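The sequence shown begins at 8 in the working numbering and counts up one residue at a time.
We put the beta carbon where it would ideally sit given N, CA and C, even for glycine.
Predicted, not measured: the structure shown is a model, and the values here were computed from it.
The next block holds one structure in the form of structure tokens; read it before the comments.
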Amino acid sequence: MNPEIAVPAQPFNADTLDAIAQQLEHRGYALVPQALPPETVDALFVELKQLPEQYFKPAGIGRQDDFQLNRFVRSDQICWLNGDSPAAAGFLAWMQTLREGLNRRLFLGLFDYEAHYASYPTGAFYKKHVDAFKGQSNRVLSTVFYLNPQWQPNDGGELVIYDENDQHELERVLPEYGKLVIFLSEVFPHEVLPAQRERNSIAGWFRVNNSSAWMADPAR
8 MNPEIAVPAQ
18 PFNADTLDAI
28 AQQLEHRGYA
38 LVPQALPPET
48 VDALFVELKQ
58 LPEQYFKPAG
68 IGRQDDFQLN
78 RFVRSDQICW
88 LNGDSPAAAG
98 FLAWMQTLRE
108 GLNRRLFLGL
118 FDYEAHYASY
128 PTGAFYKKHV
138 DAFKGQSNRV
148 LSTVFYLNPQ
158 WQPNDGGELV
168 IYDENDQHEL
178 ERVLPEYGKL
188 VIFLSEVFPH
198 EVLPAQRERN
208 SIAGWFRVNN
218 SSAWMADPAR
């Protein structure tokens, strides 16, 4: 396991982007503690906690015609970010900075970004899965940004990342406040373990544009 990336006062500056790109190139994922300014993190946390309950919908698996609810696979609830609030707009602006920086360094052709709040009630989980199947999705990079103040190891809720062949555990990541995880969407099976308290995050995906003259690139 490689150490986490140390982030200076100005997030996603050239040095930080270089370090993230190097981790993605060498091992396919990166861990960034305290990734965004504290005021951005706090604003996102306050917004999430103040969102009306009816804004959250049970999360499903698959997309479009393949979408289905399966409470044996995942039991979280989600609310999509549209950038209407100052908190969400600030977060999406930082992700735009990250997208542009990674494109310059890794030539990934990342086209846009989509994200949602994910709320896991006590005991909720998301069983092992991949975020995209090779050649069948436009999702290239997955991100998870954690909004859990004072999270302790015995609270559980870790993100477990497995190797490409699904044989070995690579990382077990505590969902600590302000931490960002980035990984290749098609490569790494991963799961969310049950937690002893409510667990919150923003899950997102950088996408490439698969539009053509015959087929439009689908929305989320």
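Checklist line | Q29, enclosing alpha helix (DSSP H) - first and last residue | finding: 21-34
Next item on the list: Keeping to the same chain, check which residues put their C-beta closer than 8 Å to that of N161; ignore five residues upstream and five downstream.
Entry: Q203
Next item on the list: Out of F195, A100, P156, state which residue places its alpha-carbon closest to the alpha-carbon of P182.
Entry: P156
Notebook entry, point to check: Where do the ends of the beta strand (DSSP E) carrying W87 lie?
Noted result: 84-87
Note to self: With distance defined between alpha-carbon atoms, name the residue in L177, E165, L187, P44 nearest to E205.
What the structure shows: E165
Checklist line | Spatial distance of Y133 from A66 (CA atoms) | finding: 10 Å
Check: Which partner residues of K64 appear in the DSSP bridge assignment?
Finding: I85
Check: Should I168 and E178 be called a contact, given that it needs their Cβ atoms to be closer than 7 Å?
Finding: yes
Next item on the list: Could you check if F114 is buried or exposed, using at least 16 other CB atoms within 10 Å of its CB as the buried criterion?
Entry: exposed
Item checked: Boundaries of the alpha helix (DSSP H) in which W101 is found, first to last residue -> 93-113
Check: Where does D119 fall in DSSP's three states?
Finding: strand
Item checked: Residue range of the alpha helix (DSSP H) that includes A50 -> 45-57
Check: Taking three-plus beta-carbon pairs below 8 Å as touching, is the region 57-65 in contact with the region 32-45?
Finding: no
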